[in-house]
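Everything below concerns the one structure shown next.
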Amino acid sequence: MPKSPDSIRTAAVFASGLIYWTGVLVQAYRLKQRTGQSANLRPKGLKERLLWLCWLFVIAGWIGQPLIMRSNGKFTFFSAPELLLSDIEKAGGLLLLLLGYAGTIWCYRVLGDSWRVGVNRKERTPLIRTGPYQFVRHPIYAFQMVMLMGVALLLPTPFSLLVLGIHLVCVIVKAIDEELYLVTIHGAAYQEYLSATGRLLPRLPRRAPDKV
Numbered sequence: 008m009p010k011s012p013d014s015i016r017t018a019a020v021f022a023s024g025l026i027y028w029t030g031v032l033v034q035a036y037r038l039k040q041r042t043g044q045s046a047n048l049r050p051k052g053l054k055e056r057l058l059w060l061c062w063l064f065v066i067a068g069w070i071g072q073p074l075i076m077r078s079n080g081k082f083t084f085f086s087a088p089e090l091l092l093s094d095i096e097k098a099g100g101l102l103l104l105l106l107g108y109a110g111t112i113w114c115y116r117v118l119g120d121s122w123r124v125g126v127n128r129k130e131r132t133p134l135i136r137t138g139p140y141q142f143v144r145h146p147i148y149a150f151q152m153v154m155l156m157g158v159a160l161l162l163p164t165p166f167s168l169l170v171l172g173i174h175l176v177c178v179i180v181k182a183i184d185e186e187l188y189l190v191t192i193h194g195a196a197y198q199e200y201l202s203a204t205g206r207l208l209p210r211l212p213r214r215a216p217d218k219v
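Printed below as a string of structure tokens:
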């Protein structure tokens, strides 16, 4: 039977979304102040605009769903089965939110002034291979996924799964575009990096061939 989540769940999801995306804007502002460089927030071309519309849906859904659920829990799409509202799911969801945001801050520190949101094909940034980037090529997107999985545990609704699915499509499309761009500016070094790391998850170590 559908049931409205408690205020801790909705408050945690709302606060995490607001803090995360406000943090992105603050990071972009600081980059501009330090270096005079843009974080490339403005989309270019039809593909990027469509991608950004989907991304705005994810952001609005992340922050807005708790408000909808607090104001009216009668919509089935925003209702959560009582079975999935245990303290275990709550603790797991809160932990994923914290881990995901801590991981994001780690990425910001490692990237430093190389951090960007979008791609500027006239710009050349260094290839970062330290911190989380030694394991995956797009850890910021991976940590966003971790946070949205936390959202889905805290608010286990069909809408949370929709947001998670749309976000996954967005990050895969965007990651591929970024990789194509980085290959053009870093060449063989990035090709080697591609073979050594996973896109969103660490690449499993290759097993050495058995000796005869």
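Whatever position you read off the sequence shown (first residue = 1), add 7 for my numbering. Backbone N, C-alpha and C fix where the C-beta goes; we use that ideal spot for every residue, glycine too.
Neighbourhood of residue i by C-beta distance below 7 Å, restricted to the same chain and skipping five residues each side
i	result
R128	Y188
Terminal residues of the alpha helix (DSSP H) in which residue i lies
i	result
W62	G52 to S78
G125	First-last for G125: undefined, no H or E at that position.
H145	No alpha helix (DSSP H) holds H145; DSSP gives it neither H nor E.
F21	S14 to T42
R49	Counting along the chain, R49 falls outside any alpha helix (DSSP H), and DSSP gives it neither H nor E.
Local Cβ density within 10 Å of residue i, reported as buried at 16 or more and exposed below that
i	result
S93	exposed
E96	buried
G100	buried
Q40	exposed
Y27	buried
Contacts around residue i, its chain only, beta-carbon distance under 8 Å, and the 5 residues preceding and following it disregarded
i	result
L134	L189, H193, A196, Y197 and Y200
DSSP-derived helix/strand/coil call for residue i
i	result
P133	coil
G205	strand
P165	helix
P212	coil
Neighbourhood of residue i by C-beta, 6 Å cutoff - its chain only, sequence neighbours within 5 removed
i	result
F165	For clarity, residue 165 is Pro in the given sequence; the question names Phe instead. The answer, listed in chain order, is F84.
I75	F85
V20	P73, V158, L161 and L162
Minimum Cβ-Cβ distance from residue i to chain B less than 8 Å
i	result
V143	The structure shown has no chain B; it contains just one protein chain.
Checklist entry - Do the region 63 to 75 and the region 107 to 123 meet, that is, are 3 or more Cβ pairs less than 8 Å apart? => result Below 8 Å, too few C-beta pairs join the region 63 to 75 and the region 107 to 123 to call them touching: fewer than three.
Item to check | At least three beta-carbon pairs within less than 8 Å, the region 167 to 187 to the region 136 to 147 | outcome: By the Cβ criterion, the region 167 to 187 is in contact with the region 136 to 147, since at least three pairs of Cβ atoms, one from each stretch, lie closer than 8 Å.
Item to check | Inter-stretch contact at 8 Å, needing at least 3 Cβ pairs: the region 12 to 21 / the region 54 to 66 | outcome: Put simply, the region 12 to 21 does not touch the region 54 to 66. Fewer than three CB pairs are less than 8 Å apart.
Checklist entry - Taking three-plus beta-carbon pairs below 8 Å as touching, is the region 100 to 114 in contact with the region 43 to 55? => result No: fewer than three Cβ pairs fall under 8 Å.
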